[in-house]
Each structure stands twice: as structure tokens, then as C-alpha cells.
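In this text, residue positions in the sequence shown follow numbering that gives the first Met the number 0: the first is 0, and each later residue adds one.
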Amino acid sequence: MTLVTKEAPDFTATAVMPDNTFGELKLSDYRGKHVILFFYPLDFTFVCPSEIIAFNKKLDEFKSRGCEVIGASIDSEFSHLAWKNTPVEKGGIGNIQFPLVADITKNISRDYGVLFNEAVALRGLFLIDKEGIVRHSVINDLPLGRNIDEALRILEALQFVEKHGEVCPANWQEGKSAMEPTTEGVAKFLAEHTDEL
């Protein structure tokens, strides 16, 4: 069952914060901002560090658009911190600057529908709007890494729709034409842009 169009399940959990302290993170405290909440299977594994480092490299682009990034796995906060303290060249993630939630009860993963075989989280990503509504989700199998640029593109599309009331067609990117959500709007868009699709 999809969470898209529904209120994001709220949670309170311990997280490793950007300054490497342990803190309580409550999702509903992020109301008024867009949030990318992404789940990954385990610390100290294989695809996971590449995704986390890629998110961290793009973090300023998310933040400049008023979007917070939060990572989560079933590991403890102690495991998260140890992984942050492990050099990248030894499989660590370095001093990433967004929180990592410790979902040790697996309840958050379960609530978001990403818990796999009661063991680990699949690679779920949820875009939550300022009102706390899930507007986009994607779930990848364990060996398939996510495209961070696509997450950023979807955020930009959502913000465009919120601001302008138009809808974003296939392959829309910031600066490209959108369409009015009417029969005339789609006809006009297709007449002018079919070759670009």
C-alpha cells in the first residue's frame, strides 16, 4: 500500500546529528519544510555508503530549496556514529551533515512499508511536503542504488507545482515548460513539445 497522498507516519527516535551528538529526532518537528526521508539496509555495507555520500555532496542543493534530508536504518546510533568516524577510504561515510535515525525497533521501517523479511529496510525514499504529506516515494531492491539527482528533480517539480499550480510532464526539469492541468493545456503542451519527450 502506498503512502503517497497520505500523512507521513510520525516518529520520534534517537539519531546521530550532524555534529556527531545523539539527539531525539521527531519528524513532525520538520513541518513547514520539505523533507527527503530515505531508508537504507545497514551500516558498513556496500551500496549504502555511496548513496549517503552522494546525498551529502548534494545537501546544499536540497537545503537551498528548503528541504531537509534524513537517513534511517535499523542500526543503533552507536553503529551510525562508528560508521561516520570510519574514513571513507575504509568503507566509512565520513562526517556527513544530515541526521541518521536509529530505527532499532524496526517500527519506522515497518510504518513506511520498507521492512524486508523483518530484517532490514529496503532502499525507500519519501518526499514529504511542508504539511507532512507524502508526495513521492520510490523503493529499490537491496542491490540497486538510488539516483540522488532524480530525488532533487522530483523536489524541484513538487515545488514548481506548489508555486505555479501547473503540472510537470515526463522528464520535466527546472526551467522547462510545464502544462496547465486542462484539456487545452495538455493539447498546447503536446503540440509544442512532443519532440522533446
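Glycine included, every Cβ here is placed at the ideal spot set by N, Cα and C.
Inset, instruction - Could you tell me whether the region 112-122 touches the region 27-47, where touching means 3 or more Cβ pairs closer than 8 Å? - result: Verdict: yes, contact present.
Legend entry - Terminal residues of the beta strand (DSSP E) in which T11 lies: Residue mapping note: residue 11 aligns to position 12 of the sequence shown, counting from 1. It spans 11-15 - the beta strand (DSSP E) in which T11 sits, taken as one unbroken run.
Legend entry - Length of the line joining the Cα atoms of I127 and V133: Walking along the sequence shown from the start, residue 127 turns up at place 128. Walking along the sequence shown from the start, residue 133 turns up at place 134. Rounded to whole angstroms, I127 to V133 spans 4 Å at the Cα level.
Inset, instruction - Just the C-alpha distance for N19 and F10, rounded to the nearest angstrom, thanks. - result: Numbered from 1 along the sequence shown, position 20 holds the residue referred to as residue 19. Numbered from 1 along the sequence shown, position 11 holds the residue referred to as residue 10. Computed Cα separation, rounded: 21 Å.
Inset, instruction - Ignore the nearest five residues each way along the sequence and tell me which others in S75's own chain have a CB closer than 7 Å to its CB. - result: The sequence position of residue 75 within the sequence shown is 76, counting from 1. Short of 7 Å from the beta carbon of S75, and not among the five residues preceding or following it, lie these beta carbons of its own chain, in chain order: A101, I103.
Legend entry - Touching by the beta-carbon criterion (3+ pairs, under 8 Å), the region 154-167 and the region 136-143: Contact between the region 154-167 and the region 136-143 is absent, with fewer than three C-beta pairs closer than 8 Å.
Inset, instruction - Please work out which residues of its chain come closer than 8 Å, Cβ to Cβ, to I52, disregarding the five sequence neighbours upstream and downstream, and give them in chain order. - result: For the purposes of this step, residue 52 is identified with residue 53 of the sequence shown, where counting begins at 1. Contacts found: V87, I92, G93, I95.
Legend entry - Contact set for L2: own chain, Cβ-Cβ below 8 Å, skip 5 residues either direction: For the purposes of this step, residue 2 is identified with residue 3 of the sequence shown, where counting begins at 1. Answer for L2: P8, Y111, G112, F125, V133, S136, listed in chain order.
Inset, instruction - For G65, count neighbouring Cβ atoms within 10 angstroms of its own Cβ and tell me buried if that reaches 16, exposed if not. - result: Along the sequence shown, read from residue 1 onward, the residue named residue 65 stands at position 66. G65 should be labelled exposed.
Legend entry - Nonlocal neighbours in the same chain, by C-beta distance under 6 Å from I147, ignoring five residues either side: As a working mapping, residue 147 is identified with position 148 in the sequence shown. Closer than 6 Å at Cβ, skipping near neighbours: A53, F54, K57.
Inset, instruction - Decide if S260 is buried, meaning its Cβ has at least 16 other Cβ atoms within 10 Å, or exposed. - result: Given that the chain is displayed from residue 0 to residue 196, the structure contains no residue 260 and the question cannot be resolved.
Inset, instruction - Report buried or exposed for A169, applying the criterion of at least 16 other Cβ atoms within 10 angstroms of its Cβ. - result: Numbered from its first residue, the sequence shown carries residue 169 at position 170. It is exposed - the Cβ of A169 has fewer than 16 other Cβ atoms within 10 Å.
Inset, instruction - Taking S27 and G131 to be in contact with their CB atoms under 8 Å, please state how far apart those CB atoms are, rounded to whole angstroms. - result: Looking up residue 27 in the sequence shown gives position 28. Looking up residue 131 in the sequence shown gives position 132. With a Cβ gap of about 7 Å, S27 and G131 count as contacting.
Legend entry - Delimiting residues of the alpha helix (DSSP H) encompassing C47: Reading the sequence shown from its first residue, position 48 is the one you call residue 47. Per DSSP, the continuous alpha helix (DSSP H) segment holding C47 begins and ends at 46-56.
Inset, instruction - Ignore the nearest five residues each way along the sequence and tell me which others in K187's own chain have a CB closer than 8 Å to its CB. - result: Counting from one through the sequence shown, the residue named residue 187 turns up at place 188. Only M178, E179 meet the Cβ criterion.
Inset, instruction - Flag this pair as yes or no: are the beta carbons of L114 and V15 separated by less than 8 Å? - result: Locating residue 114 in the sequence shown gives position 115, where the first residue counts as 1. Locating residue 15 in the sequence shown gives position 16, where the first residue counts as 1. Not in contact: L114 and V15 (Cβ atoms no closer than 8 Å).
Legend entry - Start-end ranges of the alpha helix (DSSP H) lying completely within the region 89-156, minimum 4 residues: Counting whole runs of 4 or more residues, the region 89-156 contains the alpha helix (DSSP H) stretches 106-110.
Legend entry - Which residues DSSP lists as bridging I35, in chain order: For the purposes of this step, residue 35 is taken as residue 36 along the sequence shown, with counting starting at 1. Answer by DSSP bridge pairing, in chain order: V68, L126.
Legend entry - Of the residues L196, F61, T44, the one placed nearest I153, counting alpha carbons only: If you number the sequence shown from 1, residue 153 lands on position 154. That would be F61, whose Cα lies nearest to the Cα of I153.
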